[in-house]
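Position 46 of the sequence shown, counting from 1, maps to 46 under full-length UniProt numbering, and the rest follow consecutively. Here the structure is laid out as structure tokens; the discussion comes afterwards.
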Amino acid sequence: MGLVAGWRVVGEAVSGEEALARVAEARPEVILMDINLPGISGIEATRRIVDEHPGISVVLVSTYAAEDLPPEARTCGAAGYIRKDHLTPSRLREFLPAA
1 MGLVAGWRVV
11 GEAVSGEEAL
21 ARVAEARPEV
31 ILMDINLPGI
41 SGIEATRRIV
51 DEHPGISVVL
61 VSTYAAEDLP
71 PEARTCGAAG
81 YIRKDHLTPS
91 RLREFLPAA
């Protein structure tokens with residue numbers, strides 16, 4: 001997913017548990033987290049990542065409209081939310097630290 005020039009993917013996960021394990025290995029600056037993951041949800045994984053790694057920005061992604069997100073999505077500590085069909089380089093740059 002080379003969405004933004006100068007940034008690279010350092011890992012992928014298919015479940016919330018795998019995301020938690022990979023964070024410790026990869027030490028990403030930004031995580032794009034789907035809210036609907038098998039196992040623990042992306043929302044719960046986000047909560048744990050933000051608690052354990054406060055320097056990492058987690059951006060929730062989903063097909064839901066923002067107003068249809070579960071209430072927990074607003075309180076899990078995510079840096080923001082991007083609907084999957086709005087995931088563009090310019091939108092993503094809003095959440096990336098300056099190079």
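Cβ atoms here follow ideal geometry from the backbone N, Cα and C, with glycine treated the same way.
Within 9 Å, strictly: CB atoms of residue i and residue j
{"i": "L96", "j": "S41", "result": "no"}
{"i": "E31", "j": "S62", "result": "The sequence given here has Ile at residue 31, not Glu. No."}
{"i": "I43", "j": "E72", "result": "yes"}
{"i": "G6", "j": "E29", "result": "no"}
Neighbourhood of residue i by C-beta, 6 Å cutoff - its chain only, sequence neighbours within 5 removed
{"i": "R22", "result": "G11 and A13"}
{"i": "L69", "result": "none"}
Own chain, CB closer than 7 Å to residue i, minus 5 neighbours either side, in chain order
{"i": "R47", "result": "C76 and G77"}
{"i": "A79", "result": "S57, V58, V59 and F95"}
Member of the options whose CA lies at the smallest distance from the CA of residue i
{"i": "H53", "options": "R27, Y64, V59 and E94", "result": "R27"}
{"i": "residue 105", "options": "I49, I82 and E17", "result": "Absent from the structure is residue 105, since the part of the chain shown begins at 1 and ends at 99."}
For residue i: DSSP bridge partner residues
{"i": "D51", "result": "DSSP lists no partner for D51."}
{"i": "Y81", "result": "L60"}
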